[in-house]
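Take a look at the structure set out below.
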Amino acid sequence: MRLAALLALCALAAPPARAADTASIESVVKAVYETISGPAGPRDWVRFRALFAEGARLIPMRPSAQGPSAVVMTPEEYAQRTSPVFEKSAFYEAPVAQRVESFGAIAHVFSTYESRRAPGEKPFARGINSFQLVQQGGAWKIMTILWDTEREGNPLPEKYLK
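Structure (C-alpha cells):
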C-alpha cells in the first residue's frame, strides 16, 4: 500500500510529457503557447508542468517606480497565480517572430509574442519571451522563461518583429 501511494505521488510530481511536445525546441515552445492560450476556463496544467525541467523558473519583468524588477516563480506558482485570471478571461498568446540558437544540449529562443482576448482581435499586449531550454534524455525541456512587455519607453525593436 505504501509503495503504491509513493508511486502515485511520484507520478503527480513529475508528469510525463507528450513525446511530440518535447521532441524539438520549436515543439516545446509551441506547447507552452498552446497550454496558456484559450477561452475563459481551466488550462491543462499537467501538460504545462511536463514541459519544464526540474528547477525551472518563469520570470516576468514588472515595471515599478524604481524600474523593472523580476518576479521569480516555479511552474506550479505560475499556474496558481494565473489560474483565477484564465478561468474568468479568455487569453490567447502567440509568437509573431522567433530566433532560435542552440549548441549541444542547450538552446535559447527569443520569441516575440502578441496577446489577445480572442483570436483575430487587435493585441492588447506584445513583448518578448526569452526561453532557455535543455535537452534531457532526448527530450527538450524549458529551464527558464524570462519575459518583458512592450510599454512606453520600452518599444519592441523592429528587428524582433521579423
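Residue numbers (this note's numbering): 1481 to 1642. We treat Cβ as the ideally placed atom computed from N, Cα and C, and that holds for glycine.
Proximal residues to residue i (C-beta, below 6 Å), its chain only, five neighbours per side dropped
| i | result |
| --- | --- |
| F1528 | T1515 |
| A1485 | Reliability fails at A1485, whose pLDDT of 43 lies under 50, so the model's placement of it is uncertain and the value that follows must be treated cautiously. No residues qualify anywhere along the chain. |
| P1548 | M1541 |
| A1587 | I1505 and L1613 |
Bridge partners - residue i, DSSP secondary structure assignment
| i | result |
| --- | --- |
| G1607 | Y1593 and T1629 |
| T1624 | R1537 and Q1612 |
| I1586 | F1583 and V1614 |
| P1548 | In the DSSP output, where bridge partners are listed per residue, P1548 has none listed. |
| F1532 | I1622 |
| P1575 | Y1593 |
| R1542 | S1549 |
| G1518 | F1571 |
Residue i, buried or exposed, once every other Cβ within 10 Å from all chains shown has been counted against 16
| i | result |
| --- | --- |
| V1512 | buried |
| E1638 | exposed |
| G1617 | exposed |
| R1537 | buried |
| K1602 | exposed |
| A1530 | buried |
| P1599 | exposed |
| A1619 | buried |
| P1540 | buried |
| I1625 | buried |
Beta-carbon separation (whole angstroms), residue i vs residue j, contact threshold 8 Å
| i | j | result |
| --- | --- | --- |
| S1595 | A1605 | 4 Å |
| G1614 | V1509 | A small fix is needed here, since residue 1614 is Val in this sequence, not Gly. That belief does not hold up - the Cβ atoms of V1614 and V1509 are roughly 13 Å apart, past 8 Å. |
| P1522 | E1556 | Going by Cβ atoms, the distance from P1522 to E1556 rounds to 15 Å, so no, they are not a contact pair. |
| I1505 | S1610 | Going by Cβ atoms, the distance from I1505 to S1610 rounds to 13 Å, so no, they are not a contact pair. |
Cβ-based neighbour list, residue i, same chain, cut-off 7 Å, excluding 5 preceding and 5 following
| i | result |
| --- | --- |
| S1507 | A1500 and D1501 |
| L1492 | Here L1492 scores only 45 on pLDDT, less than 50, and its place in the model should not be relied on; the value that follows carries that caveat. No residues qualify anywhere along the chain. |
| M1623 | A1533, A1536, Q1612, L1613 and V1614 |
| Q1546 | none |
| P1575 | Y1513, S1591, T1592 and Y1593 |
| A1488 | The pLDDT assigned to A1488 is 42, lower than 50, so where the model puts this residue is not dependable, and the model offers no usable value. |
| P1519 | A1570 |
| R1631 | P1543 |
Neighbour flag for residue i against chain C, beta carbons, 8 Å
| i | result |
| --- | --- |
| D1501 | In the displayed structure, chain C is absent; only one protein chain is listed. |
The ligand NAD heavy atom lying under 7 Å from the CB of residue i
| i | result |
| --- | --- |
| A1511 | No copy of the ligand NAD occurs in the structure displayed, which carries no ligand at all. |
Neighbourhood of residue i by C-beta, 8 Å cutoff - its chain only, sequence neighbours within 5 removed
| i | result |
| --- | --- |
| A1577 | S1591, T1592, Y1640, L1641 and K1642 |
| I1608 | F1590, S1591, T1592, Y1593, W1627, D1628, L1636 and Y1640 |
| A1559 | R1523, W1525, F1528 and R1529 |
| K1621 | A1497, T1502, V1508, L1531, F1532, A1533, A1536, L1613, V1614 and Q1615 |
| P1564 | none |
May I ask you to verify whether the segment 1546-1557 touches the segment 1571-1578, counting CB pairs closer than 8 Å and requiring at least 3?
no
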